[in-house]
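> The sequence shown begins at -8 in our numbering and counts up by one. Note that beta-carbon positions come from the ideal geometry of N, C-alpha and C, so glycine has one too. Just so it is clear, the structure is predicted and the values come from calculations on it, not from any experiment.
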Amino acid sequence: MDNFTFHNPTKIIFGKNTIGNIGEEIKKAGYSRILLLAGSGSIKANGVYSQVQHSLFKHNIEVFEFWDVRPNPTLEHALLAKKYAADNKVEAILAVGGGSVIDEAKSIAVSVGIPNIWDVFEQKVVPQKALPLFVILTLSATGSEMNSFAVLSNEKELKKWSFGSPLVFPKVTIIDPAVQMSLPKRQTANGGVDSLSHLMENYFMGIDAEVTIAVNESVQRTIISQIDKLHSEPYDYNARANFAWCSTLALNGVTSVSMSGGEWTTHGLEHALSAINPNVAHGEGLSVLFPAWITYVFKSKEFIFERWAKNVWNTNSVLDGVQAMKDKFKEWGSPITLKEIGFDKSDFSKIIKCVQDYGRLGRIIKLDTSDFYEILNLAY
Ligand SMILES: [Zn+2]
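1. With H, G and I counted as helix, E and B as strand and the rest as coil, what does DSSP make of residue 357?
2. Nearest to residue 70 by CA position, among 103, 86 and 39, is which residue?
3. Quick check: the Cα distance between residue 442 and residue 357, rounded to an integer number of angstroms?
4. When you compare each of 263, 288 and 275 to residue 369 by their alpha carbons, which one comes out closest?
5. List the residues that DSSP assigns as beta-bridge partners of residue 86.
6. For residue 23, does the three-state DSSP call read helix, strand or coil?
7. Assign residue 72 to one of three DSSP states: helix, strand, or coil.
8. Residue ranges of each alpha helix (DSSP H) run of no fewer than 4 residues wholly in the stretch 155 to 231, ordered along the chain?
9. When a residue counts only if its C-beta is closer than 7 angstroms to some heavy atom of ligand 1, which residues count, in chain order?
10. Grouping DSSP H, G and I as helix and E and B as strand, with all else coil, what is residue 52?
11. Apart from the five residues on each side of it in sequence, which residues of its chain come closer than 6 angstroms, Cβ to Cβ, to residue 295?
12. Hey, would you say residue 83 sits closer than 9 angstroms to residue 162, going by beta carbons?
13. Identify the continuous alpha helix (DSSP H) that holds residue 320 and give its terminal residues.
14. Give the straight-line distance between the Cα atoms of residue 280 and residue 334, rounded to the nearest whole angstrom.
15. Check the DSSP bridge columns for residue 288 and list the partner residues they point to.
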């Protein structure tokens, strides 16, 4: 088992009726002037916004709101939000939403003192300070609520890239699973696929960290059973709560301890798909690509893929495991081919160009242009 450092400083407040704690948490931390970052307004429809507003008002916190963060958040919008935050001299950021809102908030947070946020994504600048970040999670999927990573799209350059910095771990995250009960099936399924994918990105790097492998595969099984329940009963609170916590565990470090930093090729490929077409939901790109990637690479490290097929999908071969996963994704209503999400074979070279611009992919085996072409072909 490899040496490791585990340090996750995010405080999680989890459960029904917990959103009202946000004002006290921000006040206790010493901040009274904040940027509230949010998406399209669904938090007004589900009652989250009024709970947040009430709690902030009660604790005399001055709020500057910035709305319309979209799925696959953009550099352009983050720059506008950064300016708004600076003009109003906010002391902290409160992200109210799912992974997109949190990731844009992280990007704004580290941009203090950095003229061009994108330099952080290009790894030209290492952030030295950040505005403190607080989170109210309304959609379990990306795991961003309890980690130090963020993804942003630079539309002009067709790049959807990520960065990591310990400065952007949220100080406090509140997860009330009850607010996710009204989510459409499609978003629940996407959250399930994304969370499973985070676990798999780390799992397949496993060799001898038995405890991590065992915890990881058990969280995978739990996600499958809970999304199954939610598929037929979206208002099942316990299934929502169990899935929400699985989704956080999938990318908060616990399920990736001693796994060499994970594989992440499938995520890199998916980011190329949604950089080219921002209407492709991250979870949908992953449900198309993950089965193809496994089919292409499993022979290079058969023991771990065989273990996955047996322990997660209860099958006797890797290809049967892949088929079981595809059948499950289909049952949840997720796409399993590139065609279904609007891509054509003529798009392959553009996708591969995006992947190669990013560069940092292919750990179980090194992958070149022809390998990426084959993987896309399998996904077609
Ligand atoms: Zn993801």
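So, from the data block:
1. In the structure shown, residue 357 falls within a coil segment according to DSSP collapsed to helix, strand and coil.
2. Checking every option, the nearest Cα to that of residue 70 belongs to 103.
3. Missing from the structure shown is residue 442; the chain here goes from -8 to 371 and no further.
4. Its Cα nearest to that of residue 369, the residue 288 stands out among 263, 288 and 275.
5. 28 and 126
6. coil
7. helix
8. 176 to 194 and 201 to 223
9. Residues flagged by the Cβ proximity filter: 133, 185, 188, 189, 258, 273 and 277.
10. Assigned with DSSP and collapsed to three states, residue 52 falls in coil, not helix or strand.
11. 195 and 197
12. yes
13. 309 to 322
14. 12 angstroms
15. Looking at the DSSP assignment, residue 288 forms no beta bridge with any residue, so it has no partner.
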